[in-house]
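First up is the structure itself, then whatever we jot down about it.
Printed below as a string of structure tokens:
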């Protein structure tokens, strides 16, 4: 008795073509996909940043120890997160702090913001803050990355 598998090969081929079709250049970019119930117009002074605006980790410019997280609270229809940055270097620095707003129940990132803190003199401190995800879910505010320029 000889088994012939013609149907499974055709199905596998169709699935592969369908999966690759989602990668075509006509697909919307992640930045253009809207999430139902996530209206960022409630925070008019914050604009979405393209993915390229989020700095990648560079160990030579890592400055996580320079930043202290403060409060993460709901206010005026949005989540607000802030803290303090202290320049522990010997030269003035500008900082970029990447903040994620994450759901409590399943740790899903619902918003990401990049806070730029310019011109912090050596040994000096500066406050920073950002408004992020719209009010609704119970969230945590997480500092993902800190880099200096």
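In our numbering, the protein residues as written are 2 to 150.
For every residue, glycine included, the Cβ atom is placed at its ideal position computed from N, Cα and C.
- request: Using alpha carbons as the reference points, say which of 109, 56, 93, 62 lies closest to residue 124.
  value: Of the candidates 109, 56, 93, 62, 93 places its Cα closest to the Cα of residue 124.
field: Own chain residues within Cβ distance below 7 Å of residue 55, not counting five before or after
entry: 99, 113, 115
- prompt: In the stretch 89-120, which residue ranges form an unbroken beta strand (DSSP E) of at least 3 residues, counting only runs that do not cross its ends?
  reply: 94-104
query: Helix, strand or coil for residue 150 per DSSP?
result: Coil.
- prompt: Around the Cβ of residue 96, are there at least 16 other Cβ atoms within 10 angstroms (buried) or fewer (exposed)?
  reply: buried
message: What residue range does the beta strand (DSSP E) around residue 55 cover?
response: Premise fails: residue 55 is in no beta strand (DSSP E) and is neither H nor E.
task: Less than 8 Å between the CB atoms is what I'm expecting for residue 70 and residue 144, so what's the real figure, rounded?
output: 6 Å
task: Quick one: give me the first and last residue of the beta strand (DSSP E) that residue 133 is part of.
output: 126-135
- request: With distances taken Cα to Cα, identify the nearest neighbour of residue 140 among 78, 73, 67, 59.
  value: 73
field: Rounded C-alpha distance that separates residue 142 from residue 136
entry: Straight-line Cα distance between these residues: approximately 13 Å.
field: Residues of its chain near residue 133, where Cβ-Cβ distance is below 6 Å and the 5 sequence neighbours each way are ignored
entry: 80, 102, 112, 114
- prompt: For residue 138, which three-state DSSP category applies?
  reply: coil
field: Residue nearest to residue 110 in terms of C-alpha spacing, selected from 121, 90, 138, 84
entry: 138
- request: Using the DSSP secondary-structure output, state which residues sit across from residue 87 in a beta bridge.
  value: 126
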